[in-house]
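**Student:** This structure is in structure tokens; I'll ask about it shortly.
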Amino acid sequence: METHGRKRIKGIIIAAAAAGLVVIVAAMFVIVRYTPTKEKMSGYKYFDIDKNTDKVLVMIDGESYPDTGINIDGRLYLTQEFIADNINVGFYYDKESDATLYSDTSYIYAFKKNQNDYSDDTGKIYTMDYSVIRDVDGECFIAWDYVAERTDCEYQYASEPDRLNVTLKSEAKQCVTAGKKAAVRYRGGIKSPVLEYVSKGDRLEYVDDIDEWIKVTTVSGYTGYVKKSEVSDTFEYVREQKAVEEHNFLLKNEKITLAWFQVSGTAGNSSIDNNMSTISGVNVIAPTWYSVTDASGNMSSYASADFVSKMHQRGIDVWALVSDFDTNVDFAQLYSSKAARTNMVNKLVGEAKSYGFDGINLDYENIKSAYAKDYLQFVRELSVACERNGIVLSTDNYKPEAYNRCYNLKEQSKFVDYVIVMAYDEHYAGTDAGSVASLPFVKEAVEDTVQLVGKEHVIAGIPFYTRIWTTTDGNTTSRAVGMQAAIDQLNSDGQVALWNDDCGQYVASYTVGSSTRQIWFEEEKSIEAKMQVIQQENTAGVACWKLGLEKSTVWSVISQYNK
Numbered sequence: 095m096e097t098h099g100r101k102r103i104k105g106i107i108i109a110a111a112a113a114g115l116v117v118i119v120a121a122m123f124v125i126v127r128y129t130p131t132k133e134k135m136s137g138y139k140y141f142d143i144d145k146n147t148d149k150v151l152v153m154i155d156g157e158s159y160p161d162t163g164i165n166i167d168g169r170l171y172l173t174q175e176f177i178a179d180n181i182n183v184g185f186y187y188d189k190e191s192d193a194t195l196y197s198d199t200s201y202i203y204a205f206k207k208n209q210n211d212y213s214d215d216t217g218k219i220y221t222m223d224y225s226v227i228r229d230v231d232g233e234c235f236i237a238w239d240y241v242a243e244r245t246d247c248e249y250q251y252a253s254e255p256d257r258l259n260v261t262l263k264s265e266a267k268q269c270v271t272a273g274k275k276a277a278v279r280y281r282g283g284i285k286s287p288v289l290e291y292v293s294k295g296d297r298l299e300y301v302d303d304i305d306e307w308i309k310v311t312t313v314s315g316y317t318g319y320v321k322k323s324e325v326s327d328t329f330e331y332v333r334e335q336k337a338v339e340e341h342n343f344l345l346k347n348e349k350i351t352l353a354w355f356q357v358s359g360t361a362g363n364s365s366i367d368n369n370m371s372t373i374s375g376v377n378v379i380a381p382t383w384y385s386v387t388d389a390s391g392n393m394s395s396y397a398s399a400d401f402v403s404k405m406h407q408r409g410i411d412v413w414a415l416v417s418d419f420d421t422n423v424d425f426a427q428l429y430s431s432k433a434a435r436t437n438m439v440n441k442l443v444g445e446a447k448s449y450g451f452d453g454i455n456l457d458y459e460n461i462k463s464a465y466a467k468d469y470l471q472f473v474r475e476l477s478v479a480c481e482r483n484g485i486v487l488s489t490d491n492y493k494p495e496a497y498n499r500c501y502n503l504k505e506q507s508k509f510v511d512y513v514i515v516m517a518y519d520e521h522y523a524g525t526d527a528g529s530v531a532s533l534p535f536v537k538e539a540v541e542d543t544v545q546l547v548g549k550e551h552v553i554a555g556i557p558f559y560t561r562i563w564t565t566t567d568g569n570t571t572s573r574a575v576g577m578q579a580a581i582d583q584l585n586s587d588g589q590v591a592l593w594n595d596d597c598g599q600y601v602a603s604y605t606v607g608s609s610t611r612q613i614w615f616e617e618e619k620s621i622e623a624k625m626q627v628i629q630q631e632n633t634a635g636v637a638c639w640k641l642g643l644e645k646s647t648v649w650s651v652i653s654q655y656n657k
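First residue of the sequence shown? That's 95 in our numbering, and the numbers climb one at a time after it.
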């Protein structure tokens with residue numbers, strides 16, 4: 095019996111041990127299953143970067159640019175071309191002087207490679223404790239610290255891999271805040287490797303909501319998942335805009351009503367007398383006086399001191415127009431040459447002093463993307479000279495579209511006093527028949543320009559002309575005419591035009607012999623519709639092309655809304 099009892103006790107012990115083992119195994123299973131992993135994913139693997147690289151990854155608004163930056167003496171440098179293309183177009187490399195130029199409100203600074211000293215355009219020398227520009231294998235690199243101080247952005251450095259995360263966009267974002275130290279994981283699960291640990295109070299950009307996990311992007315550039323219980327509710331975040339020094343704009347304290355006046359020779363200035371008796375409300379006249387004639391920056395001139403004196407006696411400012419319509423000029427060579435740019439600047443500013451006109455109106459309509467950055471540098475250089483001499487600077491621009499984005503209205507607006515949008519030529523010679531400036535076209539042109547530039551700098555250009563379209567055997571031609579000439583054509587043909595609400599114009603389409611004639615009219619009612627749009631957008635004013643093509647009755651309509 096004693097033996098039997100021992101066996102029984104032994105069996106109980108074995109059973110208990112087995113049960114305990116099961117409990118331990120089960121507990122271990124639970125622990126293993128529900129304990130978050132501390133395994134960390136390599137940043138090199140995540141960003142797909144070679145661990146042996148000596149280059150720096152740059153991220154801009156979520157876009158990655160591997161092997162872009164380099165560290166020199168503990169300071170990050172990026173190529174001038176990369177900075178101009180992606181971060182701040184104001185940093186311009188001038189081949190002729192082999193210097194990087196940067197303009198602020200009052201000066202143009204020139205930086206030579208591998209030098210701590212730099213100068214402004216007055217000859218003043220400045221000294222830094224590092225070289226802003228470094229030459230690396232013949233390529234121009236700019237110190238990020240210097241760029242960042244002059245760029246409206248947020249940025250964050252991080253390591254493993256070395257990287258710079260830059261935010262340029264200023265739109266509102268949905269964000270959350272970490273409630274405690276939390277792991278941002280590669281996938282939504284506690285067994286997914288950790289990308290980065292964030293601290294209590296760290297801001298994370300909200301991307302998506304997936305069950306118990308939230309997809310976020312960290313300030314160092316990782317996009318991963320954090321437990322919903324470890325972060326706050328979403329909130330709207332708008333980054334603080336950096337106060338970058340602004341141009342000292344010369345803006346009029348009244349709405350501008352500008353009339354372009356086409357001059358075909360010096361003697362043509364006297365014909366302004368024929369127009370003055372019928373116009374009213376105009377406070378700026380822009381005569382077409384200057385035209386670029388060669389790649390050295392020389393210009394033809396029809397300027398007249400007598401003209402300026404007459405206008406000033408009437409209380410009207412004169413903004414001399416400069417055009418680039420001579421297709422024989424090598425514009426790529428013109429704008430890329432510092433000597434040519436300087437020649438244009440000196441010519442225009444010198445003429446303004448000599449003849450006494452108040453402003454310069456750049457009507458450069460042949461800018462191509464290949465040399466657009468060079469053109470923008472010319473605008474900056476002219477702007478600095480105009481500011482020093484109290485000369486108003488304006489530019490004429492097309493309705494913003496993808497094909498003319500190279501004009502970079504946003505960059506222009508940092509340096510010019512007024513951006514004039516030519517809200518016309520919707521249809522022109524060579525296109526299908528249509529309106530020169532339908533109301534939707536004008537509305538979109540003005541709205542898009544205001545969005546890019548700001549209403550206080552926008553002048554809306556409207557046409558005083560239309561086109562008479564003739565289609566014969568499928569071939570369409572047109573001729574540009576003034577307001578009254580179009581009405582005279584309609585009356586001569588014995589036809590009637592009907593108002594079209596969609597385009598905001600009177601429209602006529604009829605047969606003349608074997609041809610179809612079409613006219614979209616500009617007159618008081620169409621001008622009123624356009625002026626209502628301009629008033630609604632509260633722009634700086636209106637510009638009219640061109641003086642002499644209008645009906646005299648439109649001036650009272652313009653004055654009614656442009657006040």
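Where a beta carbon is used, it is the ideal one built from N, C-alpha and C, also for glycine.
Keep in mind it's a predicted model, so treat the numbers as computed, not measured.
Using CA coordinates, which residue listed in S529, C597, N146 and Y249 is at the minimum distance from S572?
**Tutor:** With respect to the C-alpha of S572, the residue from S529, C597, N146 and Y249 having the closest C-alpha is S529.
**Student:** Might you give, ordered along the chain, the residues of its own chain that have their beta carbon closer than 6 Å to the beta carbon of G163, omitting 5 neighbours on each side?
**Tutor:** V150, V152, L170 and L172
**Student:** Taking contact to mean at least 3 C-beta pairs separated by less than 8 Å, is the segment 529-538 in contact with the segment 575-585?
**Tutor:** no
**Student:** Buried or exposed, going by whether 16 or more other CB atoms sit within 10 Å of the CB of F558?
**Tutor:** buried
**Student:** Going by C-alpha distance, which of A479, S448 and Y429 is nearest Y469?
**Tutor:** Y429
**Student:** Mind pulling the alpha helix (DSSP H) runs of 4 or more residues that sit fully within the segment 489-549?
**Tutor:** The segment 489-549 contains these whole alpha helix (DSSP H) runs: 503-506 and 533-547.
**Student:** Taking the C-alpha atoms as reference points, what is the distance between E617 and L643?
**Tutor:** 11 Å
**Student:** Compute the distance between the beta-carbons of S417 and V386, then report whether it is under 9 Å.
**Tutor:** yes
**Student:** Who are the Cβ neighbours of D526 in its own chain at under 8 Å, not counting the five residues just before and after it?
**Tutor:** T570
**Student:** Does the Cβ of D231 have 16 or more other Cβ atoms within 10 Å, making it buried, or fewer, making it exposed?
**Tutor:** exposed
**Student:** For Q612, list the residues DSSP reports as bridge partners.
**Tutor:** Looking at the DSSP assignment, Q612 forms a beta bridge with W563 and S603.
**Student:** Which of the three DSSP states is assigned to I366 in this structure?
**Tutor:** helix
**Student:** In this structure, how does DSSP classify I181 when only helix, strand and coil are distinguished?
**Tutor:** In the three-state scheme derived from DSSP, where H, G and I count as helix and E and B as strand, I181 is classed as coil.
**Student:** N440 by DSSP, collapsed to three states: which one?
**Tutor:** Helix at N440.
**Student:** Using the Cα positions of V590 and I581, report the straight-line distance between them to the nearest angstrom.
**Tutor:** So the alpha carbons of these two residues sit roughly 10 Å apart.
**Student:** Check each candidate in R281, T421, D215 and N182 and name the one with the smallest Cα separation from Y458.
**Tutor:** T421
**Student:** For the alpha helix (DSSP H) holding D211, just list the boundary residues, first then last.
**Tutor:** Note, D211: premise wrong, no alpha helix (DSSP H); beta strand (DSSP E) at D211 to D214.
**Student:** Are the beta-carbon atoms belonging to P494 and D542 less than 9 Å from one another?
**Tutor:** yes
**Student:** Whose CA, out of I177, L503, V292 and F472, lies closest to the CA of V241?
**Tutor:** Of I177, L503, V292 and F472, the residue nearest in Cα terms is I177.
**Student:** Short of 8 Å in beta carbon distance, which residues of its chain neighbour G391, apart from the five on each side in sequence? Order them along the chain.
**Tutor:** If we look at G391 and ignore the five residues flanking it on each side, its Cβ neighbours are L428, S431, A433, A434, R435, T436, N437, M438 and K441.
**Student:** Would V278 pass as a contact of S326 if the rule is Cβ separation under 9 Å?
**Tutor:** In terms of Cβ geometry, V278 and S326 do not form a close pair [threshold 9 Å].
**Student:** Distance, Cα to Cα, A637 vs A353?
**Tutor:** 6 Å
**Student:** Drop a sphere of 10 angstroms on the beta-carbon of S403, count the other beta-carbons inside from all chains shown, and report buried for 16 or more, exposed for fewer.
**Tutor:** Exposed is the call here.
**Student:** Going by other Cβ atoms of all chains shown within 10 Å of its Cβ, with 16 needed for buried, is I304 buried or exposed?
**Tutor:** exposed
**Student:** I'd like the span of the alpha helix (DSSP H) that includes L344, first residue to last.
**Tutor:** Taken as a continuous stretch (DSSP letters only), L344 belongs to no alpha helix (DSSP H), as it is neither H nor E.
**Student:** Tell me which residues share the same chain as D256 and place their Cβ nearer than 6 Å to its Cβ, disregarding the 5 neighbours each side in the sequence.
**Tutor:** V150
**Student:** How should V124 be labelled, buried or exposed, when 16 other C-beta atoms within 10 angstroms of its C-beta is the threshold for buried?
**Tutor:** In this predicted model, V124 has a pLDDT of only 47, less than 50, meaning its place in the structure is not dependable; the value taken from the coordinates is given anyway. Its Cβ having fewer than 16 others within 10 Å, V124 is exposed.
**Student:** When the Cα atoms are used, what is the spatial distance from A466 to K504?
**Tutor:** Rounded to the nearest angstrom, the two C-alpha atoms are 13 Å apart.
**Student:** Based on DSSP bridge pairs, tell me the residues matched to Y280.
**Tutor:** Answer is none; Y280 lacks a bridge partner.
**Student:** What number of angstroms, rounded off, separates the C-alpha of V443 from the C-alpha of K549?
**Tutor:** 27 Å
**Student:** Secondary structure at A446, three-state DSSP: helix, strand or coil?
**Tutor:** helix
**Student:** Taking only the alpha-carbon atoms, compute the straight-line gap between D144 and Y251 and give it to the nearest angstrom.
**Tutor:** One C-alpha to the other measures close to 18 Å.
**Student:** So for Y300, helix, strand or coil by DSSP?
**Tutor:** strand
**Student:** So if DSSP puts V270 in a beta bridge, which residue, or which two residues, is it bridged to?
**Tutor:** L298
**Student:** Within a Cβ cutoff of 7 Å, which residues of the same chain sit near V126, ignoring the five residues on either side of it in sequence?
**Tutor:** Here the model assigns V126 a pLDDT of 48, short of 50, so the residue's position is not dependable and the matter cannot be decided.
**Student:** Going by the CB atoms, is the gap between Y655 and I628 shorter than 9 Å?
**Tutor:** yes
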